[in-house]
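When you line the sequence shown up against our numbering, it's residues 57 to 285, in that order. The beta-carbon is built from N, C-alpha and C at its ideal position, and this holds for glycine as well.
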Amino acid sequence: MTGDHIYPDDPAGPFEPPPRRFEDREGRPIVVREVDGSDGRSLADDREALVEMYVAFDPEDRAQGIPPTGESSIREWLGHILADEAINVVACLPDDGVVGHATLVPDGQGGYELAIFVLGDYQNAGIGTRLIEGLLGAGQRHGAEHVWLTVERWNNPAIALYRKVGFEASDTENFELEMCLRLDPDAQEESAADTSADPDSKAEAETEAEAETEAAESESESESDSRSR
Numbered sequence: 057m058t059g060d061h062i063y064p065d066d067p068a069g070p071f072e073p074p075p076r077r078f079e080d081r082e083g084r085p086i087v088v089r090e091v092d093g094s095d096g097r098s099l100a101d102d103r104e105a106l107v108e109m110y111v112a113f114d115p116e117d118r119a120q121g122i123p124p125t126g127e128s129s130i131r132e133w134l135g136h137i138l139a140d141e142a143i144n145v146v147a148c149l150p151d152d153g154v155v156g157h158a159t160l161v162p163d164g165q166g167g168y169e170l171a172i173f174v175l176g177d178y179q180n181a182g183i184g185t186r187l188i189e190g191l192l193g194a195g196q197r198h199g200a201e202h203v204w205l206t207v208e209r210w211n212n213p214a215i216a217l218y219r220k221v222g223f224e225a226s227d228t229e230n231f232e233l234e235m236c237l238r239l240d241p242d243a244q245e246e247s248a249a250d251t252s253a254d255p256d257s258k259a260e261a262e263t264e265a266e267a268e269t270e271a272a273e274s275e276s277e278s279e280s281d282s283r284s285r
């Protein structure tokens, strides 16, 4: 059961699951990792880091009242999107400061709604792309298959970004554009096989792929990635 959403027949990806390390366009080292306690960090510490990020979030980058303002409202909201069934990844600096957050929240109908947020000082730097790819990789790892989002129709940079990773428009009648993506439930096995390949060859291939991605993004993506919706 996937509700009223219309998903593509062919899956996108596969996507490499986190952790993922890279330098953004400003040369800042960034780590995209999953918020699940598997790396030795406590969920409580990650929650506090996210609270700090959202307290600093520019209100002008909000859409549809999300993220909320005020620490108490932020904490209540995070309580919903950090629930056990949700999938969350963050973009972190070397000091573990969180500058970006992406989440897949179960919609109760067999799918997941995607949302992404990046602090203003870290937008237009390629972080949003890595966040989405890492989130979808984590989704593969957890068996997610159907992902959807909504985005304002005027937000052409964000729409271009979502199309690039595999989202397709599914509802073109409403004020907001709905986009859907299908993940391959078998892709995690392929990703696991990739990790066993020669690490030097894999690193070289990733560097070349990221260079190509950076070039494409600098042309088309102003990455209005403060909010996907």
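Just how far apart, CA to CA, sit residue i and residue j?
i      : j      : result
Glu224 : Val107 : 32 Å
Phe140 : Arg84  : Here residue 140 is Asp; the residue named in the question, Phe, does not match the sequence. About 31 Å.
Thr185 : Val88  : 11 Å
Ser252 : Ala200 : Legend: pLDDT at Ser252 = 46, less than 50; position of this residue unreliable, no value from coordinates given.
Glu132 : Met109 : 15 Å
Leu205 : Asp151 : 31 Å
Glu116 : Ile122 : 11 Å
Going by C-alpha to C-alpha distance, which of the options sits closest to residue i?
i      : options                        : result
Pro64  : Arg219, Glu90, Glu232, Asp242  : Arg219
Glu232 : Ser129, Ile215, Leu239         : Ile215
Val145 : Met235, Trp210, Pro213, Arg197 : Arg197
Leu149 : Val161, Arg77, Ile172          : Arg77
Leu138 : Val91, Pro74, Gly166, Ala105   : Val91
Thr159 : Gly153, Ser98, Gly167          : Gly167
Asp329 : Arg118, Glu79, Ala100, Glu169  : Outside the displayed span of the chain (57 to 285) sits residue 329, for which this structure offers no information.
Ala171 : Arg103, Gly222, Ala119         : Ala119
Glu79  : Ser226, Val111, Ser98, Ala147  : Ala147
Pro74  : Ile86, Pro67, Glu82            : Ile86
Thr125 : Gly135, His136, Ala112         : Ala112
Over what stretch of residues does the beta strand (DSSP E) that includes residue i continue unbroken?
i      : result
Gly156 : 154 to 162
Ile172 : 168 to 174
Trp133 : Run containing Trp133: none in the beta strand (DSSP E); it sits in the alpha helix (DSSP H), 127 to 137.
What is the residue span of the alpha helix (DSSP H) that residue i lies within?
i      : result
Ser226 : First-last for Ser226: 224 to 227, but that is the beta strand (DSSP E), not the alpha helix (DSSP H).
Leu217 : 212 to 221
Using a Cβ cut-off of 9 Å (strictly closer), state whether residue i contacts chain D.
i      : result
Ala181 : Chain labels in this structure do not include chain D; a single protein chain is all it has.
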